[in-house]
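Position 194 of the sequence shown, counted from 1, bears residue number 194 in the UniProt record's numbering, the numbering being contiguous throughout. Ideal Cβ positions, reconstructed from N, Cα and C, are used throughout, including at glycine. Everything on this sheet refers to the single structure shown next.
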Amino acid sequence: MYQGEDAVYLYGVRCTFWSLEDSLKPHGYVNPFVVAVFCYSLFHKPTGHPDVSKRHYFFPNIADNLLKDVNEADQDVLSRAFKRSSKARPPKNSNILFFPTFHDEHWFVFAVDIKDRKFVMLDSNFKQNDRFQQFVSHRMRYSFQHHWHQFIQHELDFDDFDFIYPVVPQQPPGHEHDSGIYAMMFLEHWVSPKSILTSVFTPKDIPNLRIKIANELVFQPKNSGMKHRVTEHHAEDDD
Numbered sequence: 001m002y003q004g005e006d007a008v009y010l011y012g013v014r015c016t017f018w019s020l021e022d023s024l025k026p027h028g029y030v031n032p033f034v035v036a037v038f039c040y041s042l043f044h045k046p047t048g049h050p051d052v053s054k055r056h057y058f059f060p061n062i063a064d065n066l067l068k069d070v071n072e073a074d075q076d077v078l079s080r081a082f083k084r085s086s087k088a089r090p091p092k093n094s095n096i097l098f099f100p101t102f103h104d105e106h107w108f109v110f111a112v113d114i115k116d117r118k119f120v121m122l123d124s125n126f127k128q129n130d131r132f133q134q135f136v137s138h139r140m141r142y143s144f145q146h147h148w149h150q151f152i153q154h155e156l157d158f159d160d161f162d163f164i165y166p167v168v169p170q171q172p173p174g175h176e177h178d179s180g181i182y183a184m185m186f187l188e189h190w191v192s193p194k195s196i197l198t199s200v201f202t203p204k205d206i207p208n209l210r211i212k213i214a215n216e217l218v219f220q221p222k223n224s225g226m227k228h229r230v231t232e233h234h235a236e237d238d239d
């Protein structure tokens, strides 16, 4: 009845009830719109502003373009993203830049750890030597460096950055639909190469995390979407 209405609306970043429900229901594949509002909700947490957290969360469409050949990427989209992030805090003065990425029906997080001089791959399924990771790691690194020099224009010797593949919680076989939940948890909880995400959550937590993420997005204090639909629905259930 109201599936097309905005369940979450954060200063122009939005997702509908349909997207939220379809993504966070049991066995649902997470929609990029949900990851985008999740990123923006992290930005709006009390310590989430880049001036405090020194973290930037880029929307999935940015990683989509970084995965393309440089001459096929939408330069206007990438330019706006890098320049907009500079208004909150210059990326060169930040600790980590996060790029949630959806490729070949799988979510992972590419992070640029400027403070520790690392390129970081947070992946719940593929390992460093898997063909999937060999492709995306090479493409993301090259494209990121190219566009950093084009739009940020601050010299950093990225050739000296190591590529690391930290140990993170792994999705069990047959749970490909859960990769987006893992990716959102990586975005929220990865801090540095010292982070031990296996102590933060396990695969058994994923069903409850789906519920937790949905509730936190809908009831985010700055959400101006139609969250009253949820409270009205609960009230009807109680009658």
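Q: Less than 8 angstroms between the CB atoms is what I'm expecting for VAL13 and VAL30, so what's the real figure, rounded?
A: Within the sequence shown, the letter at position 13 stands for residue 13. Within the sequence shown, the letter at position 30 stands for residue 30. The pair is not a contact, with the Cβ atoms about 16 angstroms apart (cut-off 8 angstroms).
Q | Straight-line Cα distance separating LYS194 from LYS115 | A | As a position in the sequence shown, residue 115 is number 115, starting the count at 1. As a position in the sequence shown, residue 194 is number 194, starting the count at 1. Cα to Cα, the separation comes out at about 13 angstroms.
Q) Per DSSP, what kind of secondary structure is HIS56 in: helix, strand or coil? A) Counted from its first residue, the sequence shown places residue 56 at position 56. Strand, per DSSP.
Q.
Whole angstroms are fine: how far does the CA of HIS49 sit from the CA of PHE161?
A. As a working note, residue 161 is residue 161 in the sequence shown. As a working note, residue 49 is residue 49 in the sequence shown. Going from the Cα of PHE161 to the Cα of HIS49 covers about 26 angstroms.
Q: Starting from VAL112, trace the beta strand (DSSP E) both ways and give me its first and last residue.
A: As a first step, residue 112 is located in the sequence shown; it is residue number 112 there, counting from the start. VAL112 -> beta strand (DSSP E) spans 106 to 113.
Q: Taking PHE186 as the reference, give the member of CYS15, CYS39, HIS103 and TYR11 with the closest Cα.
A: Position 186 of the sequence shown, counting from 1, holds the residue named residue 186. Residue CYS39 is the option with its Cα nearest to PHE186.
Q | Best match in HIS27, ILE62, LEU20 and ASN93 for proximity to SER53 [C-alpha to C-alpha] | A | For this step, residue 53 is matched to residue 53 along the sequence shown. The shortest C-alpha separation from SER53 is found at ASN93.
Q. Using the C-alpha atoms, what's the distance from VAL167 back to ALA7?
A. As a working note, residue 7 is residue 7 in the sequence shown. As a working note, residue 167 is residue 167 in the sequence shown. About 34 angstroms.
Q) In terms of residues, what are the limits of the beta strand (DSSP E) holding VAL13? A) Taking the first residue of the sequence shown as position 1, residue 13 is located at position 13. Counting along the chain, the beta strand (DSSP E) containing VAL13 begins and ends at 13 to 16.
Q: For SER224, count neighbouring Cβ atoms within 10 angstroms of its own Cβ and tell me buried if that reaches 16, exposed if not.
A: Along the sequence shown, read from residue 1 onward, the residue named residue 224 stands at position 224. Answer is exposed; the Cβ neighbour count stays below 16.
(Q) Can you look up LYS118 in the DSSP assignment and give me helix, strand or coil? (A) Position 118 of the sequence shown, counted from the first residue, corresponds to residue 118. Reduced to three states, the DSSP call for LYS118 is strand.
Q) So what's HIS189 in DSSP terms, helix, strand or just coil? A) For the purposes of this step, residue 189 is identified with residue 189 of the sequence shown, where counting begins at 1. HIS189: helix per DSSP, three-state reduction.
Q. Between ALA111 and LEU197, what straight-line distance do the alpha-carbon atoms span, to the nearest angstrom?
A. The count along the sequence shown starts at 1 and reaches residue 111 at position 111. The count along the sequence shown starts at 1 and reaches residue 197 at position 197. Each residue's alpha carbon lies about 15 angstroms from the other.
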